[in-house]
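Everything in the sequence shown is counted per the working numbering, starting at 806 for the first residue and increasing by one.
Glycine included, C-beta positions come from ideal geometry on N, C-alpha and C.
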Amino acid sequence: PGRALRRSPAAAMRISVVTVGGREVASLEAAGEWTRQDVCDGLPRCRGALRRAVRLFLGDAELVGESTLCSLGACDGSLLQLLVDPMRGLQLLTASVDGTARLWGVGSGDCHHKFEGNNCDVMCAEFSPDGSLVAVASATGRVQLCDADSGEQVRSLEGHGAGNCVMAFSASGSHVAIGDNDGRLVVWNALSGECIFTVPSHRLAACSVAFAPDGARLSTSSGDGSANVWSAANGESLHTLRGHSERVSTVEFSPDGSLVVSASEDGTAKLWDAASGVCAHTFAGHGSWVWRATFSPSGASVLTASEDCTARLWSVDSGECVRTLKGHRRCVNVAAFSPDGASVVTASDDRTAKLWSVATGECIRTLAGHRRWVRAVAFSPDSVLVATASDDGTAKVWCASTGECMRTLEGHQGGVRSAAFSPALVGL
């Protein structure tokens, strides 16, 4: 949603916006005083990261800043050429114990927006799936929904228990689920700010929450040793996933929504049938707590990260460990697949992140440069870049193919606990 389009009958003109290949994206009734922002308001689905990535040219002259169609010499029948610059649109969202979240331009390294967490730790921060919104959860239990372009708050979701908080958007971006420190699950309509339902999901604090890809179900995990599957429509409990003996740190649905994987401090991960709640496999082999379990993009493998200084790759079909990723000297806090499924990145208390080949299990690169523990990692949507977040108060952006540090993002006054790239651009 943008500003109302400005039209001046005295200066009305019909312009066409076309791609480099000549495909017409939009035909607009414009005014001579229109800026880039006004033209973008008229383009279909031009918001979030895509809006930031769009560049508009009349001949060799770019419509940028406060320049206008008139100042570029546009007239009735003019063609504006549209280019999409992915790096220009790419952003990184970080959350810190300093009480702020920050939105950074990856290309420039500049901080675009700072979101305050009410003088309390920011527990987590997430992009909506289309990148148009940022959700920021503070230790007060308040969740702010902010416009990613302007940085302005558009909604405040309140009433959650103070302390730890986890959250997730549905794939459509229409709903956001909050798991709070009191063990409750709260689902909101992200578009209207209406609370859909609240259920007492666990006896202890929620540790993770995840939507199924179709948005019809949710899964939660807790310090009480349980995980659950819920109806996302009304909060009805569909299954309780029993089998772990300690805190369940994370849960996640498979890409097709048929399975759920859970990771626990009992040293195992478990694979569950999402329809029946039956445990299909127990991934046993780590020598200590398992902090994270996540599916590969194809859904054929599961990746786990453990206190035992290793990560492991497991077959979903057989339940067998197919790779053990050894090389870190201290706890592996988190691990993630690249979107193309070819690589894995791990983050450790040994102050490094490492890139690994999924095919061979070999360490491809060691990303060294942080001064304290590395808490979070993320791949860019095209698998080209890696972001790391550290207790040293910085986030770094690395080239995945060379291991070169491209950006060090400085500004937080405390440890950075999460980092997330803006979502992949969706074409006009």
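For R811, which residues in the same chain have their Cβ closer than 8 Å to its Cβ, ignoring the five residues on either side in sequence?
Translated into positions along the sequence shown, residue 811 becomes position 6. Residue placement at R811 is flagged as unreliable, the pLDDT there being 49, under the threshold of 50; the coordinate-derived value follows with that caveat. The answer, listed in chain order, is A836, E838, W839, D843.
Is the separation between the beta-carbon of F1226 and that of A1183 shorter than 9 Å?
As a working note, residue 1226 is residue 421 in the sequence shown. As a working note, residue 1183 is residue 378 in the sequence shown. Yes, these two residues count as a Cβ contact at 9 Å.
May I ask you to list the residues that DSSP assigns as paired with C1012?
Counting from 1 along the sequence shown, the entry for residue 1012 is found at position 207. By DSSP's assignment, C1012 forms no beta bridge with any residue.
Report the start-end ranges of each alpha helix (DSSP H) in the segment 845-895 that is 4 residues or longer and not cut off at the edges.
853-858, 874-877, 891-894
Where does the unbroken beta strand (DSSP E) through W909 begin, and where does it stop?
Within the sequence shown, the letter at position 104 stands for residue 909. Per DSSP, W909 belongs to the beta strand (DSSP E) from 905-910.
CB of G894 within 9 Å of CB of N923, strictly
Start at 1 with the first residue of the sequence shown, and residue 894 comes out as number 89. Start at 1 with the first residue of the sequence shown, and residue 923 comes out as number 118. Cβ distance not < 9 Å, so G894 and N923 don't count as in contact.
Please name the residue in W1178, S1106, D1113 whose C-alpha comes closest to that of V1149.
The sequence position of residue 1149 within the sequence shown is 344, counting from 1. Closest by alpha carbon: S1106.
Extent of the continuous beta strand (DSSP E) run through L990:
Position 185 of the sequence shown holds residue 990. Here the beta strand (DSSP E) through L990 covers 989-994.
Touch check for the segment 1201-1219 and the segment 883-894: three-plus C-beta pairs under 8 Å?
no
Based on Cα-Cα distance, which residue from D881, L888, A831, R860 lies nearest to V825?
Taking the sequence shown and counting its residues from 1, one reaches residue 825 at position 20. It is L888.
For E1252 and L1160, what's the separation of their Cα atoms in angstroms?
Nothing about residue 1252 can be reported from this structure: the residues present for the chain run from 806 to 1233 only.
Reference E1125; option with closest CA among T1171, S1042, L1076, A982
Reading the sequence shown from its first residue, position 320 is the one you call residue 1125. For the residues T1171, S1042, L1076, A982, the minimum Cα distance to E1125 belongs to L1076.
Taking only three categories from DSSP, how would you classify Q1218?
As a working mapping, residue 1218 is identified with position 413 in the sequence shown. DSSP places Q1218 in the coil class of the three-state scheme, outside both helix and strand.
Chain-order list of residues whose beta-carbon lies under 7 Å from that of D881 (same chain, five-residue window excluded):
For the purposes of this step, residue 881 is taken as residue 76 along the sequence shown, with counting starting at 1. Within the same chain, D881 has close Cβ partners M818, R819.
Identify the residues that DSSP records as bridge partners of Q958: which are they?
Position 153 of the sequence shown, counted from the start, is the residue given in the question as residue 958. Q958 is bridged to C951.
Kindly list the residues whose CB is nearer than 6 Å to the CB of R1212, restricted to its own chain and excluding five residues on each side of it in sequence; keep chain order.
The residue given as residue 1212 occupies position 407 in the sequence shown. Hits under 6 Å: G914, V1202.
Where does R1156 land, buried or exposed, given buried means 16+ other C-beta within 10 angstroms?
Taking the sequence shown and counting its residues from 1, the one referred to as residue 1156 is at position 351. Per the 10 Å Cβ criterion, buried.
Taking only three categories from DSSP, how would you classify T843?
Within the sequence shown, the letter at position 38 stands for residue 843. The question names Thr, yet the displayed sequence has Asp at residue 843. Helix.
Residue range of the beta strand (DSSP E) that R819 falls in?
Here residue 819 is taken as the residue at index 14 of the sequence shown, counted from 1. Start and end: 817-824.
Considering only their Cβ atoms, is the gap separating A982 from F1016 smaller than 9 Å?
Indexing the sequence shown from 1 puts residue 1016 at position 211. Indexing the sequence shown from 1 puts residue 982 at position 177. Yes; because the gap between Cβ atoms is below 9 Å, this pair is in contact.
Of the residues E871, V830, L855, A831, which one's Cα is nearest the Cα of R841?
For the purposes of this step, residue 841 is taken as residue 36 along the sequence shown, with counting starting at 1. Ranked by Cα distance from R841, the first of E871, V830, L855, A831 is E871.
Whole-angstrom C-beta distance between G1198 and G1220, which should lie under 8 Å
By 1-based counting over the sequence shown, the position of residue 1220 is 415. By 1-based counting over the sequence shown, the position of residue 1198 is 393. Contact flag correct, Cβ pair sits at about 6 Å.
How would you label V869, buried or exposed, when you count the other beta carbons within 10 angstroms and need 16 or more for buried?
Numbered from its first residue, the sequence shown carries residue 869 at position 64. So V869 counts as exposed.
Rounded to the nearest angstrom, what separates A1032 and V1014 at their Cα positions?
Working through the sequence shown from its first residue, we reach residue 1032 at position 227. Working through the sequence shown from its first residue, we reach residue 1014 at position 209. Rounded to whole angstroms, A1032 to V1014 spans 10 Å at the Cα level.
Do A1011 and V971 have their C-beta atoms within less than 9 Å of each other?
Position 206 of the sequence shown, counted from the start, is the residue given in the question as residue 1011. Position 166 of the sequence shown, counted from the start, is the residue given in the question as residue 971. Yes, they are a contact pair.
Excluding the 5 residues preceding and the 5 following S1094 in the sequence, name in chain order all residues of the same chain whose CB lies nearer than 7 Å to its CB.
One-based indexing of the sequence shown puts residue 1094 at position 289. Just to set this straight, residue 1094 is Trp in the shown sequence, not Ser. Correct list, in chain order: E1070, G1072, S1111, E1112.
Sort G946, N969, G998, V992 by Cα distance to V959 and report the nearest one.
For the purposes of this step, residue 959 is taken as residue 154 along the sequence shown, with counting starting at 1. Among G946, N969, G998, V992, the Cα nearest to that of V959 belongs to G998.
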